[in-house]
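Participant: Got a structure for you, questions after.
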Amino acid sequence: MTDHRRAIRALTALARETQHDLPGVIAHILAQVAGNLGSSSALTESRPGSWEASFIDDLVKGTVGHNDEYLPPPMDTRLTDAKAQLIKDAALYGEKPGPEPGDVAAEDRC
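The numbering used here applies: residue 167 is where the sequence shown begins, and numbers increase by one.
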């Protein structure tokens, strides 16, 4: 079974379970995927300008904000491409990368 078929079956089951708010659930799922990738733009960067990307971009930015101000943190602790780029940029410009969203400051850990 292809990944698309698995996703279709999972979304069909989800639609049956969440009869009244499937659009909200899908918006939340896409927002979390964007959080896992590091930005909302990462969802559509492979298809800029397409009508599909435009609709997805509008939906996700309506959920996470136009500047990703409400972007959820990644579900796992793996380093995303976007985080890796932030670290590289910080090193290039001699800056210290800031804490990750939801990270407790080092001084608060004691």
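C-beta atoms are modelled at their ideal positions from N, C-alpha and C, and glycine is treated no differently. Note that the structure is predicted; figures quoted are calculated from it, not measured.
From Gln-192 to Ala-179, what does the alpha carbon distance come to, in whole angstroms?
Facilitator: As a first step, residue 192 is located in the sequence shown; it is residue number 26 there, counting from the start. As a first step, residue 179 is located in the sequence shown; it is residue number 13 there, counting from the start. Note that residue 192 is Ile in the sequence shown, not Gln. Rounded to the nearest angstrom, the two C-alpha atoms are 13 Å apart.
Participant: Alpha carbon to alpha carbon, how far is Gly-201 from Leu-237?
Facilitator: To locate residue 201, count along the sequence shown from 1; it is residue 35. To locate residue 237, count along the sequence shown from 1; it is residue 71. Each residue's alpha carbon lies about 6 Å from the other.
Participant: Return the Cβ separation of Gln-185 and Met-241 in integer angstroms, given the expectation that the two are a contact with Cβ distance under 8 Å.
Facilitator: Against the sequence shown, residue 185 aligns to sequence position 19. Against the sequence shown, residue 241 aligns to sequence position 75. Incorrect: roughly 25 Å between the Cβ atoms, too far for contact.
Participant: Suppose you measure from the CA of Leu-177 to the CA of Leu-196; what does that come to, to the nearest Å?
Facilitator: Here residue 177 refers to the residue found at position 11 of the sequence shown. Here residue 196 refers to the residue found at position 30 of the sequence shown. Rounded to the nearest angstrom, the two C-alpha atoms are 12 Å apart.
Participant: Using C-beta distances below 7 Å, list every residue in its chain close to Ala-219, excluding the 5 sequence neighbours before and after it, in chain order.
Facilitator: The residue given as residue 219 occupies position 53 in the sequence shown. The answer, listed in chain order, is Thr-210 and Arg-213.
Participant: Using only alpha-carbon positions, find the residue among Gly-231, Leu-225 and Asn-233 that is nearest to Gly-190.
Facilitator: The sequence position of residue 190 within the sequence shown is 24, counting from 1. Minimum Cα distance to Gly-190 is reached at Leu-225.
Participant: Output the residue ranges of the alpha helix (DSSP H) runs that lie fully inside the region 215 to 248 and measure 4 residues or longer, sorted by chain position.
Facilitator: DSSP runs (the alpha helix (DSSP H)) wholly in the region 215 to 248: 217 to 230.
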